[in-house]
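Novice:
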Amino acid sequence: QVHLVESGGGLVQAGGSLRLSCEVSGYISHIDNMGWYRQAPGNQRELAATISATGRIKYADSVKDRFTISTDNAKRTVYLQMNSLKLEDTAVYYCKIVETWGATYWGQGTQVTVSS
Numbered sequence: 366q367v368h369l370v371e372s373g374g375g376l377v378q379a380g381g382s383l384r385l386s387c388e389v390s391g392y393i394s395h396i397d398n399m400g401w402y403r404q405a406p407g408n409q410r411e412l413a414a415t416i417s418a419t420g421r422i423k424y425a426d427s428v429k430d431r432f433t434i435s436t437d438n439a440k441r442t443v444y445l446q447m448n449s450l451k452l453e454d455t456a457v458y459y460c461k462i463v464e465t466w467g468a469t470y471w472g473q474g475t476q477v478t479v480s481s
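For the sequence shown, the tail end lands on 481 under this note's numbering, and the numbers increase by one without skipping.
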């Protein structure tokens with residue numbers, strides 16, 4: 366059974382930084398892409414950043430140049446370095462893994478709160 370465990374969320378002042386981690390456990394045959402999504406209260410879940418198995422990276426316009434997604438394949442972990450955080454970055458952040466044949470897995474989410 367596949368599990369995604371996120372960590373690194375918390376409370377930070379505007380302008381600060383946080384690093385989220387998502388560790389994958391269980392058997393996955395081949396990962397097609399890994400990513401971070403976020404959901405603010407009253408909003409739909411939206412993409413923050415994704416990285417494909419070939420290294421192609423995509424960022425939401427709202428986080429471009431502030432967030433960096435990366436992976437450590439040996440540790441089966443995907444990271445999201447978030448710098449210059451803004452109040453509007455406040456959300457629950459979810460890790461998502463998609464296997465090549467389409468199976469999708471989500472983490473339980475980690476809260477990020479940015480204060481003024």
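The C-beta atom is built at its ideal place from N, Cα and C for all residues, glycine as well.
As the structure is a prediction and not an experimental result, all values here were calculated from the model.
Tell me which same chain residues have a C-beta within less than 8 Å of the C-beta of Thr442, skipping the five on either side of it?
Specialist: Here residue 442 refers to the residue found at position 77 of the sequence shown. Correct list, in chain order: Ser386, Cys387, Glu388, Val389, Thr436.
Novice: Please name the residue, chosen from Asn448, Tyr458, Thr475, that lies closest to Gly380 on a Cα-to-Cα basis.
Specialist: Start at 1 with the first residue of the sequence shown, and residue 380 comes out as number 15. Residue Asn448 is the option with its Cα nearest to Gly380.
Novice: Where does Asp397 fall in DSSP's three states?
Specialist: By one-based count along the sequence shown, residue 397 stands at place 32. Strand, per DSSP.
Novice: Out of curiosity, what's the CA-to-CA distance linking Met399 and Asp426?
Specialist: Within the sequence shown, numbered from 1, the residue matching residue 399 stands at position 34. Within the sequence shown, numbered from 1, the residue matching residue 426 stands at position 61. Cα-Cα distance, rounded: 18 Å.
Novice: Quick one: residues in its chain with C-beta nearer than 6 Å to the C-beta of Arg431, no 5 flanking neighbours on either side, listed in chain order?
Specialist: As a working mapping, residue 431 is identified with position 66 in the sequence shown. Excluding sequence neighbours, Arg431 sits near Asn448, Ser449.
Novice: Return the chain-ordered list of same chain residues with a C-beta closer than 8 Å to the C-beta of Ile422, the five sequence neighbours on each side being excluded.
Specialist: Numbered from 1 along the sequence shown, position 57 holds the residue referred to as residue 422. Answer for Ile422: Ala414, Thr415, Ile416, Ile434, listed in chain order.
Novice: Quick check on the DSSP output: the beta strand (DSSP E) that includes Gly375 runs from which residue to which?
Specialist: For the purposes of this step, residue 375 is identified with residue 10 of the sequence shown, where counting begins at 1. Start and end: 375 to 378.
Novice: So the beta strand (DSSP E) Tyr392 belongs to, where does it begin and stop?
Specialist: In the sequence shown, counting from the first residue as 1, residue 392 sits at position 27. That residue, Tyr392, is in no beta strand (DSSP E); it is neither H nor E in DSSP.
Novice: Given that a residue counts as buried once 16 or more other Cβ atoms are within 10 Å of its Cβ, and exposed if not, what is Lys461?
Specialist: To locate residue 461, count along the sequence shown from 1; it is residue 96. Under this definition Lys461 is a buried residue.
Novice: Is the Cβ-Cβ distance between Ile393 and Val428 less than 8 Å?
Specialist: Mapped onto the sequence shown, residue 393 falls at position 28. Mapped onto the sequence shown, residue 428 falls at position 63. No, the Cβ-Cβ distance between Ile393 and Val428 is not below 8 Å.
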